[in-house]
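Undergrad: Here it is, the structure, as structure tokens.
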Ligand code: 28F
């Protein structure tokens, strides 16, 4: 840059250079800004734009948000808020709209009374979306006019222009994700709708509409019951023991900063706990101060109520664990400056939030219990039963401990352990059935691969009480082999393997067993999933044989690709010999396809493969594909597990019918 620029201009051009550098940085290292450039990152773009609309709604100015997945691959988000201001920015002099759309981390504070609520984990702003879009259009309606600006890769293609008049107000952003940046640019209805449903539960005054112009699908998300509707949705497949209890409060600090607390819970006839927590609309998988505040207040207030109303025997002491049995709760807080901690940065660290949540719950819950003595009594009865079961479980747990101590901490006899000891290097396969287990034992690399064959049906832990679960042979074997303790004893540091790989047949039975195993991990070892250590093996579905050559295909399209390739190679060889054109020969081969010596067989189960085949296709790290189990959307995962594993038959049948084409590849 030259030195002899006038003052005012200098700051302007420096600013605009900074803007370009900022956007360049986003395009160079997109993963740093949006997590990754796969499907998750792609969908994150929609999230960023929707976050802005949600903020405008939380500020009290917007009620409707419309998201459209267009047939040309773009996505548009429109709200009926005030519309982003278009006049000159007080500092930067150019249009505020351009500043918001093109400057990293602009639009943080809307004004000094509100704060940016949505987002936070990535919360990088709409300018990132702009930088990562080959094209983007923003349209603003405000003060009777309609304005527009167009961008390519984040760079304005002209000034903000008045393009007409309007009686409404609002902001609309349409963007075309850049195919040179993302591995895929195809938006998925399921992914988008799951998140929008969650946002609609958490923000009950907003109506969110999703339309997919590719197939005409359309859905409205509006839950005026808010968290009450959310709890009912999560628990749809189980029997509730009561009406949901709703607790809400706002705490204002001396400096006027507000912390908003919304909590809803109910008890159901299950034995596991489902707690979903959110900070500024973001799921906090690792919990944090808001969750601990809720837990301690729940225990304290329920115990105080039980004592004051003579609902417990003198010698019974109800613990936090007892109040967790069959609990479904949503904890949602809105915090001005959230600090995220933990392995995956999904744990709220703000210390003051714990006390704020605790006192709001103490007060609101006490009121709710006094107003609903029947509900209160039911909760205490349920917790008392849990306490009795806990004592029984403790006995059997001690038995397990003593037993394992006796056997000098022996590993299960069925486990074929590996010789390496450090978890970073090792993996364990949980294999359905003895015969597949046998093949796996012979086929594995015994230095780093351990095999645990599982027999018979796995217990549905979702429907069983703790003591029952601990009595189950297979469950105990799994826990002992993996090395992590159970319940309060769980410690991920004790995990004996780096990867835990579920291997089951690709048929209906295999899928059922996989779901049961996933349930066990989801309910009792979620930290292993959060740490990215749970995987699903992908055995091939087809074998294609041509002469002595064998190929494996993992799905139908791969199978067809392989067949085409074999035929093409054959045609090429023949064409080279005869001097004919490849296409000509290929056609002839295609016509006589049934007699061309290609034999296709479908693998019905793992047991059909010999050890060498199993190694080559499913276990060799060089050639296998593993599906990593992730919890993309905790609310949806819980809903799915509850539906698949809960006691109500109707919702389960409905779910399976609705998702028949997906169930085989259920990703959580
Ligand atoms: C489709 C995405 O981005 N909606 C938005 C507003 C409204 C205001 C605003 C946004 C002003 C100074 C930044 C309007 N009037 N939807 C959206 N709606 N941003 S984003 O202000 C941005 C700030 O710096 C708005 C009065 N105040 C705020």
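Numbering (the numbering used here), first residue to last: 176 to 843. Idealized CB from N, CA, C, for every residue including glycine. Small disclaimer: the values here were computed from a predicted structure and weren't measured.
Look up residue 351 in the DSSP assignment and give the residues it is bridged to.
TA: Counting from 1 along the chain shown, the entry for residue 351 is found at position 176. For residue 351, which the question treats as bridged, DSSP gives the partners 310.
Undergrad: Give the straight-line distance between the Cα atoms of residue 311 and residue 513, rounded to the nearest whole angstrom.
TA: Against the chain shown, residue 311 aligns to sequence position 136. Against the chain shown, residue 513 aligns to sequence position 338. Cα-Cα distance, rounded: 30 Å.
Undergrad: Starting from residue 423, follow its DSSP beta bridges and name the residues at the other end.
TA: Against the chain shown, residue 423 aligns to sequence position 248. According to DSSP, which records beta bridges pairwise, residue 423 is partnered with 437.
Undergrad: Less than 7 Å between CB atoms is the rule here; does residue 559 satisfy it with respect to chain D?
TA: You won't find chain D in this structure, because it holds only one protein chain.
Undergrad: CB-CB under 7 Å to residue 360, same chain, minus the five flanking residues each way: which ones, in chain order?
TA: Counting from one through the chain shown, the residue named residue 360 turns up at place 185. These residues qualify, in order along the chain: 217, 248, 352 and 354.
Undergrad: Run through DSSP, which three-state label would residue 601 get?
TA: Here residue 601 is taken as the residue at index 426 of the chain shown, counted from 1. Note: residue 601 maps to coil in three-state DSSP.
Undergrad: Out of curiosity, what's the CA-to-CA distance linking residue 348 and residue 505?
TA: The sequence position of residue 348 within the chain shown is 173, counting from 1. The sequence position of residue 505 within the chain shown is 330, counting from 1. Rounded to whole angstroms, residue 348 to residue 505 spans 31 Å at the Cα level.
Undergrad: If I measure Cβ to Cβ from residue 138 and keep anything under 6 Å in the same chain, skipping five residues before and after, which residues do I get?
TA: A question about residue 138 goes unanswered here, because the residues of the chain that appear run from 176 up to 843.
Undergrad: Do you know whose CA, among 343, 342, 263 and 259, lies nearest residue 313's CA?
TA: Against the chain shown, residue 313 aligns to sequence position 138. Selected option, being the one with the closest Cα: 259.
Undergrad: Do the CB positions of residue 729 and residue 678 come within less than 7 Å of each other?
TA: The count along the chain shown starts at 1 and reaches residue 729 at position 554. The count along the chain shown starts at 1 and reaches residue 678 at position 503. Taking 7 Å as the Cβ cut-off, residue 729 and residue 678 do not qualify as a contacting pair.
Undergrad: If contact is defined by three or more beta carbon pairs under 8 Å, each pair taking one atom from either stretch, is the stretch 689–704 in contact with the stretch 713–728?
TA: Touching, no, given that fewer than three Cβ pairs across the two stretches are closer than 8 Å.
Undergrad: Considering only residues of the same chain and omitting the five flanking positions on each side of residue 195, which have a CB-CB separation below 8 Å?
TA: Locating residue 195 in the chain shown gives position 20, counting from the first residue. Excluding positions up to five away in sequence, the list reads 330.
Undergrad: Could you pull out every residue in the same chain whose Cβ sits closer than 8 Å to the Cβ of residue 468, ignoring the five residues on either side in sequence?
TA: Here residue 468 is taken as the residue at index 293 of the chain shown, counted from 1. Only 528, 529, 530, 531, 532, 533 and 536 meet the Cβ criterion.
Undergrad: What are the start and end residues of each continuous beta strand (DSSP E) run of 3 or more residues lying completely inside the stretch 591–656, in chain order?
TA: 602–607 and 624–629, all fully within the stretch 591–656.
Undergrad: Just the C-alpha distance for residue 675 and residue 623, rounded to the nearest angstrom, thanks.
TA: For this step, residue 675 is matched to residue 500 along the chain shown. For this step, residue 623 is matched to residue 448 along the chain shown. About 12 Å.
Undergrad: Take residue 640 and list the residues in its own chain whose beta-carbon comes closer than 6 Å to its own, dropping the five residues that flank it on each side.
TA: The residue you call residue 640 lines up with position 465 of the chain shown. Hits under 6 Å: 446 and 564.
Undergrad: State the Cα-Cα distance for the pair residue 775 and residue 327, rounded to the nearest angstrom.
TA: The sequence position of residue 775 within the chain shown is 600, counting from 1. The sequence position of residue 327 within the chain shown is 152, counting from 1. Taking the straight line from one Cα to the other gives about 49 Å.
Undergrad: Report the start-end ranges of each beta strand (DSSP E) in the stretch 502–584 that is 3 residues or longer and not cut off at the edges.
TA: Taking only runs of at least 3 residues, the beta strand (DSSP E) segments lying wholly in the stretch 502–584 are 502–509.
Undergrad: Of all the options 227, 299 and 250, which has the alpha carbon lying nearest to the alpha carbon of residue 209?
TA: For the purposes of this step, residue 209 is taken as residue 34 along the chain shown, with counting starting at 1. Nearest C-alpha to residue 209: 299.
Undergrad: Can you tell me whether DSSP reads residue 786 as helix, strand or coil?
TA: Your numbering for residue 786 matches position 611 in the chain shown. Helix at residue 786.
Undergrad: Can you check DSSP and say which residues form a bridge with residue 339?
TA: The sequence position of residue 339 within the chain shown is 164, counting from 1. Per DSSP, 321.
Undergrad: Assess, as a yes-or-no matter, whether the stretch 468–477 is touched by the stretch 401–419 under the definition of 3 or more beta carbon pairs within less than 8 Å.
TA: Judged by Cβ distances under 8 Å, the stretch 401–419 makes no contact with the stretch 468–477, as fewer than three pairs qualify.
Undergrad: Less than 6 Å separating the Cβ of residue 343 from some heavy atom of ligand 1?
TA: One-based indexing of the chain shown puts residue 343 at position 168. False, no ligand heavy atom lies under 6 Å from that Cβ.
Undergrad: Please indicate yes or no: does the CB of residue 348 lie closer than 6 Å to some heavy atom of ligand 1?
TA: Residue 348 sits at position 173 when you count from the first residue of the chain shown. Checking every heavy atom of ligand 1 against the Cβ of residue 348, one is found closer than 6 Å.
Undergrad: Using only alpha-carbon positions, find the residue among 459, 806 and 488 that is nearest to residue 522.
TA: Within the chain shown, residue 522 is the residue found at index 347, counting from 1. Taking only the C-alpha atoms, the option nearest residue 522 is 459.
Undergrad: Which of the three DSSP states, helix, strand or coil, is assigned to residue 676?
TA: As a first step, residue 676 is located in the chain shown; it is residue number 501 there, counting from the start. Reduced to three states, the DSSP call for residue 676 is strand.
Undergrad: Does DSSP put residue 464 in a helix, a strand or coil?
TA: For the purposes of this step, residue 464 is taken as the residue at position 289 of the chain shown. Of the three classes helix, strand and coil, the one that applies to residue 464 here is helix, per DSSP.
Undergrad: Return the chain-ordered list of same chain residues with a C-beta closer than 6 Å to the C-beta of residue 305, the five sequence neighbours on each side being excluded.
TA: Taking the chain shown and counting its residues from 1, one reaches residue 305 at position 130. Only 276, 311, 326 and 329 meet the Cβ criterion.
Undergrad: Is any heavy atom of ligand 1 found at a distance shorter than 6 Å from the C-beta of residue 265?
TA: Translated into positions along the chain shown, residue 265 becomes position 90. Because no heavy atom of ligand 1 lies under 6 Å away, the Cβ of residue 265 does not count as near it: no.
Undergrad: Taking 7 Å as the limit between beta carbons, can you name the residues of its chain near residue 671, skipping five residues before and five after?
TA: As a first step, residue 671 is located in the chain shown; it is residue number 496 there, counting from the start. Counting only Cβ-Cβ distances below 7 Å, and skipping sequence neighbours, we find 598, 657 and 658.
Undergrad: Would you please state the rounded distance, in angstroms, between the beta carbons of residue 456 and residue 374? I believe it to be under 8 Å.
TA: Against the chain shown, residue 456 aligns to sequence position 281. Against the chain shown, residue 374 aligns to sequence position 199. That pair is a contact at about 6 Å.
Undergrad: Quick one: what's got a C-beta closer than 7 Å to residue 726's C-beta in the same chain, skipping five residues either side?
TA: As a first step, residue 726 is located in the chain shown; it is residue number 551 there, counting from the start. 719 and 737, listed in sequence order.
Undergrad: Check whether the Cβ atoms of residue 642 and residue 568 sit closer than 7 Å, and answer yes or no.
TA: As a working note, residue 642 is residue 467 in the chain shown. As a working note, residue 568 is residue 393 in the chain shown. Result yes, Cβ atoms of residue 642 and residue 568 sit closer than 7 Å.
Undergrad: Taking residue 224 and residue 252 to be in contact with their CB atoms under 8 Å, please state how far apart those CB atoms are, rounded to whole angstroms.
TA: Indexing the chain shown from 1 puts residue 224 at position 49. Indexing the chain shown from 1 puts residue 252 at position 77. About 4 Å; that satisfies the 8 Å criterion.
Undergrad: Buried or exposed: where does residue 683 fall if 16 or more other Cβ atoms within 10 Å of its Cβ makes it buried?
TA: Taking the first residue of the chain shown as 1, we reach residue 683 at position 508. With fewer than 16 Cβ atoms within 10 Å of its Cβ, residue 683 is classed as exposed.
Undergrad: Among residues of its own chain, excluding the 5 on either side of residue 517, which ones have a beta-carbon nearer than 6 Å to its beta-carbon?
TA: Start at 1 with the first residue of the chain shown, and residue 517 comes out as number 342. Around residue 517: 461.
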